[in-house]
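Numbering (my numbering), first residue to last: 136 to 433.
Ideal Cβ positions, reconstructed from N, Cα and C, are used throughout, including at glycine.
Note sheet for the following structure.
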């Protein structure tokens, strides 16, 4: 009935899988939990003990294939009609998590259900504040707001989809680097007029990285976005930073913005790594870094 698909990379998933397994056993349904490790250097041996749980499998890839390909690979191995995708660094917010999704399946109201993401209210240590603030302000979205703009607030960390629909859209295998695979996926759903139903069934995002690590990922995402834009793959009206980037291009102010990054990036990073990171400064950091990439390319 239900295939739960979890890609993992250098992250312990024992708590997540154990919690899901307990809820699934209580629900008395046919299920499987498929985990694929994307060539981790850490935690694989620890996670490998999960194979002792009934209907749980864990495979380690010899070479890293990236966030899109691994999700498509997981789906290809699933034997049931409904696929529940979860990121490795989440944990269900409620003990009724699986039952909520089962009621969605029974309702037949949609073929894609998005449960949402939440962050614990307790603030982390100062050196991890950026990821927590970003999550609170940009990812933890009230259900009513998500319902009003369902495609905008789709997050691949926690969603249920019918296998026939997934086979129509899938994740874009061309995206290998970190960032924006969810944007491609949801845009394919929009083009195919596949309706998303947002529900109140959140997971806590537990993988709160160091601010320095998250900033590195932000830069990787911008590099990926810059490459995809240069290939004319992404539409600017769907991504805020790209929309501003193209507007600045039209005014031929590229050199101004690239210079801002060169001159002020250390000040930006000082704020972003502090206890009080500003989302406005993060947006400026991302935008000006795109123009620095322009300058390097030219």
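**Prompt:** What whole-angstrom Cβ distance do residue 174 and residue 198 have, given they're in contact under 8 Å?
**Reply:** Translated into positions along the chain shown, residue 174 becomes position 39. Translated into positions along the chain shown, residue 198 becomes position 63. Yes, they are in contact, since the Cβ atoms of residue 174 and residue 198 sit about 6 Å apart, within 8 Å.
**Asked** Do the CB positions of residue 329 and residue 300 come within less than 8 Å of each other?
**Response** As a working mapping, residue 329 is identified with position 194 in the chain shown. As a working mapping, residue 300 is identified with position 165 in the chain shown. It is a contact, given that the beta carbons lie within the stated cut-off.
**Asked** Under 8 Å between the Cβ atoms of residue 219 and residue 151?
**Response** Sequence index remark: in the chain shown, residue 219 carries index 84 (1-based). Sequence index remark: in the chain shown, residue 151 carries index 16 (1-based). Going by C-beta atoms, residue 219 is not nearer than 8 Å to residue 151.
**Item:** Paired residues, beta bridge with residue 167 - DSSP
**Value:** As a working note, residue 167 is residue 32 in the chain shown. According to DSSP, which records beta bridges pairwise, residue 167 is partnered with 138.
**Request:** Pick out whichever of 249, 257 and 260 has its Cα sitting closest to the Cα of residue 277.
**Result:** For the purposes of this step, residue 277 is identified with residue 142 of the chain shown, where counting begins at 1. If we check each option's Cα against that of residue 277, 249 comes out closest.
**Item:** Segment limits, beta strand (DSSP E) that includes residue 437
**Value:** Look at the range of the chain in this structure, 136 to 433, and you will see that residue 437 is not part of it.
**Request:** For residue 280, count neighbouring Cβ atoms within 10 angstroms of its own Cβ and tell me buried if that reaches 16, exposed if not.
**Result:** In the chain shown, counting from the first residue as 1, residue 280 sits at position 145. Per the 10 Å Cβ criterion, exposed.
**Top-ranked residue by Cα proximity to residue 162, from 209, 238 and 395** = Here the question's residue 162 lines up with position 27 in the chain shown. If we check each option's Cα against that of residue 162, 238 comes out closest.
**Asked** For residue 305, does the three-state DSSP call read helix, strand or coil?
**Response** In the chain shown, counting from the first residue as 1, residue 305 sits at position 170. DSSP places residue 305 in coil when its eight states are reduced to three.
**Item:** Sub-8 Å separation of residue 424 and residue 379 beta-carbons
**Value:** Taking the first residue of the chain shown as position 1, residue 424 is located at position 289. Taking the first residue of the chain shown as position 1, residue 379 is located at position 244. Cβ atoms of residue 424 and residue 379: not closer than 8 Å.
**Prompt:** On the premise that residue 226 lies in contact with residue 338, defined as a C-beta separation below 8 Å, what is that separation, rounded to the nearest angstrom?
**Reply:** Against the chain shown, residue 338 aligns to sequence position 203. Against the chain shown, residue 226 aligns to sequence position 91. At roughly 6 Å, the Cβ-Cβ gap stays under 8 Å, so residue 338 and residue 226 are in contact.
**Asked** Grouping DSSP H, G and I as helix and E and B as strand, with all else coil, what is residue 181?
**Response** Working through the chain shown from its first residue, we reach residue 181 at position 46. DSSP places residue 181 in helix when its eight states are reduced to three.
**Message:** Taking its Cβ as the centre, do 16 or more other Cβ atoms sit within 10 Å of residue 361, making it buried, or is it exposed?
**Reply:** Within the chain shown, numbered from 1, the residue matching residue 361 stands at position 226. The residue is buried, with at least 16 neighbouring Cβ atoms inside 10 Å.
**Asked** Curious, which full-length beta strand (DSSP E) runs of at least 3 residues does the segment 291-342 contain?
**Response** 293-297 and 338-340
**Item:** Cβ distance (whole Å) where residue 292 is taken to contact residue 209 below 8 Å
**Value:** Your numbering for residue 292 matches position 157 in the chain shown. Your numbering for residue 209 matches position 74 in the chain shown. With a Cβ gap of about 14 Å, residue 292 and residue 209 do not count as contacting.
**Item:** Delimiting residues of the beta strand (DSSP E) encompassing residue 192
**Value:** In the chain shown, residue 192 corresponds to position 57, counting from 1. Note, residue 192: beta strand (DSSP E), 191-195.
**Asked** Are residue 385 and residue 430 touching if we call contact CB-CB under 8 Å?
**Response** Here residue 385 is taken as the residue at index 250 of the chain shown, counted from 1. Here residue 430 is taken as the residue at index 295 of the chain shown, counted from 1. No; because the gap between Cβ atoms is not below 8 Å, this pair is not in contact.
**Item:** Cβ pair count under 8 Å reaching 3, the segment 182-193 against the segment 248-264
**Value:** no
**Message:** Which of the three DSSP states is assigned to residue 248 in this structure?
**Reply:** Looking up residue 248 in the chain shown gives position 113. It is a strand residue.
**Request:** Inspect the beta-carbon positions of residue 503 and residue 267 and report whether they are closer than 8 Å.
**Result:** With the chain covering only 136 through 433, there is no way to say anything about residue 503.
**Cβ distance (whole Å) where residue 183 is taken to contact residue 193 below 8 Å** = Here the question's residue 183 lines up with position 48 in the chain shown. Here the question's residue 193 lines up with position 58 in the chain shown. Right, their Cβ atoms sit about 6 Å apart.
**Item:** Alpha carbon of residue 347 to alpha carbon of residue 241, nearest angstrom
**Value:** Residue numbering aside, residue 347 sits at position 212 when the chain shown is read from its first letter. Residue numbering aside, residue 241 sits at position 106 when the chain shown is read from its first letter. Straight-line Cα distance between these residues: approximately 44 Å.
**Prompt:** What are the partner residues of residue 205, as DSSP defines its beta bridges?
**Reply:** Numbered from 1 along the chain shown, position 70 holds the residue referred to as residue 205. In DSSP, residue 205 forms no bridge with anything.
**Request:** Kindly indicate which three-state DSSP category residue 200 falls into: helix, strand or coil?
**Result:** Numbered from its first residue, the chain shown carries residue 200 at position 65. In the structure shown, residue 200 sits in coil (DSSP, three-state: anything other than H, G, I, E or B).
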